[in-house]
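*Asks:*
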Amino acid sequence: MDSSLHEPKRTGFGFQRRTSGVLLPLTSLPGRHGSGDLSAEAFRFIDLLSAAGQSWWQMLPVGLPDDPPGHSPYSSSSSIAGSPYLVSLDRLCQEGWLTRREIEPDPRFQAHCIQYSRVRPYREQRLRLAWERFQRARASRHHEFMEFCEQHRDWLDDFALYCTLKQLMGGIQWPEWPRDLRRRHPATLADARRIHPMEFGFHRWVQFQFHRQWAALRRHARQRRVGLIGDIPICVSHHSADVWANPALFKLDRAGQPTEVSGYPPDDFCPQGQRWGHPQYHWPEHQRTGFSWWIARFAGVYRLFDAARLDHFLGFTRLWSIPARTRGAKHGRWIKTPGRALFSAVRQAMGNRLMIAEDLGHVTPADVRLRNDLGIPAMRILQWGLGPGNSDHRPHRFSPETVAYTGTHDNNTIVGWFRALDRRSQRHVLDYTGGNRQTIHVDLIRLALTSAANTAMIPIQDLLGLDAHARINRPGTLTNNWRWRILPGQLSSTAIQRLRHLTEISERLPENRKKTRRT
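The following block contains the structure:
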């Protein structure tokens, strides 16, 4: 196993010593403007993680979620661009681009959930107003903005032009655009940029603001010795700048529609299977180009994060391919994927980077060989291990080269999961943990932290002992997902102290915090 993959000298973060962290989507933070973002609450959360002795903050993808009804961060309009709705309006106000009155919250916003139909237009209106003022001011940051555009033009221009054209087309998807725009006729695209410079500039400027604000958050995290873990979805949305700008990399017909789409066959976790609907990759073209698109994707994630979770790692050896005209997920086929060559190209271009393999599902020997050869730790889920089967997920079988989770964003919360078990299964869980019904979330957190796994991740809902109402996602469904938010003040000092205590007794405190007084 290549340990250098886990110990980059530049950051000091790694998966070779005992550490722990918390899983919380950035959008789930409290905030005045309808969802979590890059404002003060994100900085405060890092401070709380540091006080609790945590080494990691793991997030979900931070790109722009696809259009309704799903709003899934795993189906984004760009594999690299940050979500405009994570840009802090408070920070834009502090810089003078918005007034305090203009960023007064909509009184209809709800603190416990994200109302996308209200949040998105509210935020976009204010971002556009701030952009107009930035343009008129010709401020000192204009030069910095132009430098950013030049530095990131390899992905930024396509993304900004895609957003511009989609806006001009009234929101219809790119396969329905006029032929010259759909097929990216150079003269037509040049005309669009020339005729609509304000719209094109707006989308570039929002990315400029996102990356400036993110850089400030990451500096703060490093000062507190907290690493940020991102997420690299295995597939990308059909309705994205990536597919529009690189159609040869995907299995599409002449009209730009997918011929085969992504998913997963039926299993115990989802008996009907899952039909994700992303266009399948045309792997020969990726290999011909030396996996340059993938290298750019990885580079974009590591500009923001210290480590990355590889979503559906099993897909790097094989993917379930479903004919686009077929309903459901049952009638598909496995196609081999060149994961080994892909990671070799990424490593050659970028060096060794910290990764976590989401190797959940039917794991084959080929999956294990690739994961082990790359030296990437596997994920282990306590909820799976305490049920029937899934012996690899039982805590007494964990090896140090794993990342232990009580659950993931696709699972129920511990409290919700336990309450849904039958009485016999509940008894088994209590016998195994030695705990009780009232503290089952604490008992499983203790089990994860005291396991042999070098790294342990605790979803914030489990830390707070929340029930099924706090669930993030229900796989196979499209509505009422990705909406949950933590309430202001809900993360109490008691929860922080308890997490620090469990972190300390399981020998996971960072070296620089072992002798500091508890918060």
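Every number in my numbering is 484 more than the matching position in the sequence shown, counting from 1. The C-beta atom is built at its ideal place from N, Cα and C for all residues, glycine as well.
For G711 and R703, I'd like the C-alpha separation in whole angstroms.
*Replies:* 10 Å
*Asks:* Can you round the beta-carbon distance between P717 and Y558 to whole angstroms, since I take them to be within the 8 Å contact cut?
*Replies:* At roughly 5 Å, the Cβ-Cβ gap stays under 8 Å, so P717 and Y558 are in contact.
*Asks:* Per the contact definition of three or more C-beta pairs closer than 8 Å, is the region 680 to 699 in contact with the region 621 to 632?
*Replies:* yes
*Asks:* Please report the straight-line C-alpha distance between P662 and D551, rounded to a whole angstrom.
*Replies:* 21 Å
*Asks:* Start and end of the beta strand (DSSP E) containing Y569?
*Replies:* Run containing Y569: none; DSSP gives neither H nor E here.
*Asks:* Are the Cβ atoms of R984 and A535 separated by less than 8 Å?
*Replies:* yes
*Asks:* Express the C-alpha separation of T821 and F686 in angstroms, rounding to a whole number.
*Replies:* Near 38 Å, if we compare the C-alpha coordinates of T821 and F686.
*Asks:* Just to confirm before moving on: does the CB-CB distance between A829 and E769 stay below 8 Å?
*Replies:* no
*Asks:* Starting from the C-beta of I860, find all residues in its chain whose C-beta is less than 8 Å away, skip the five residues before and the five after it, and write them out in chain order.
*Replies:* Setting aside the 5 residues that flank it on each side, I860 is surrounded in the same chain by L489, L794, F797, M839, I840 and A841, each with a C-beta closer than 8 Å to its C-beta; the list follows chain order.
*Asks:* State buried or exposed for M457, treating a residue as buried only when at least 16 other CB atoms are found within 10 Å of its CB.
*Replies:* Because residue 457 is not part of the residues shown, which for the chain are 485 to 1003, the question remains open.
*Asks:* When DSSP builds the beta bridges, which residues end up paired with C647?
*Replies:* C647 is not bridged to any residue.
*Asks:* Give the straight-line distance between the Cα atoms of L962 and G554, rounded to the nearest whole angstrom.
*Replies:* 5 Å
*Asks:* Please classify T886: is it buried, with 16 or more other beta-carbons within 10 angstroms of its beta-carbon, or exposed?
*Replies:* Around the beta carbon of T886, a 10 Å sphere encloses 16 or more other beta carbons of the protein chains shown; the residue is thus reported as buried.
*Asks:* Put V1014 into one of helix, strand or coil per three-state DSSP.
*Replies:* Since the first residue of the chain shown is 485 and the last is 1003, residue 1014 is not available in this structure.
*Asks:* Do the CB positions of S512 and W968 come within less than 8 Å of each other?
*Replies:* yes
*Asks:* In terms of alpha-carbon separation, which member of P509, L533 and P549 lies closest to A979?
*Replies:* L533
*Asks:* Assign I970 to one of two classes, buried (16 or more other C-beta atoms within 10 Å of its C-beta) or exposed (fewer than that).
*Replies:* By the 16-neighbour rule on beta-carbons within 10 angstroms, I970 is buried.
*Asks:* Output yes or no for whether 8 Å exceeds the beta carbon distance between S746 and S560.
*Replies:* Result no, Cβ atoms of S746 and S560 do not sit closer than 8 Å.
*Asks:* Under 8 Å, do R787 and I530 count as touching if we go by C-beta distance?
*Replies:* It is not a contact, given that the beta carbons lie outside the stated cut-off.
*Asks:* Quick one: measure Cβ to Cβ for T801 and T743, integer angstroms, because I've assumed they're closer than 8 Å.
*Replies:* No, T801 and T743 are not in contact; Cβ-Cβ is about 22 Å, not under 8 Å.
*Asks:* Kindly indicate which three-state DSSP category S909 falls into: helix, strand or coil?
*Replies:* helix
*Asks:* Under three-state DSSP, which class holds P549?
*Replies:* strand
*Asks:* Evaluate A644 with the Cβ neighbour count: other Cβ atoms within 10 Å of its Cβ, from every protein chain shown; 16 or more gives buried, anything less gives exposed.
*Replies:* buried
*Asks:* Which of the three DSSP states, helix, strand or coil, is assigned to H762?
*Replies:* strand
*Asks:* Using 10 angstroms around the beta-carbon of T892, count the other beta-carbons present and answer buried if the total reaches 16, otherwise exposed.
*Replies:* buried
*Asks:* Nearest by alpha-carbon distance to R908: which of L870, G784 and Y606 is it?
*Replies:* L870
*Asks:* Is the CB-CB distance between S721 and H762 below 8 Å?
*Replies:* yes
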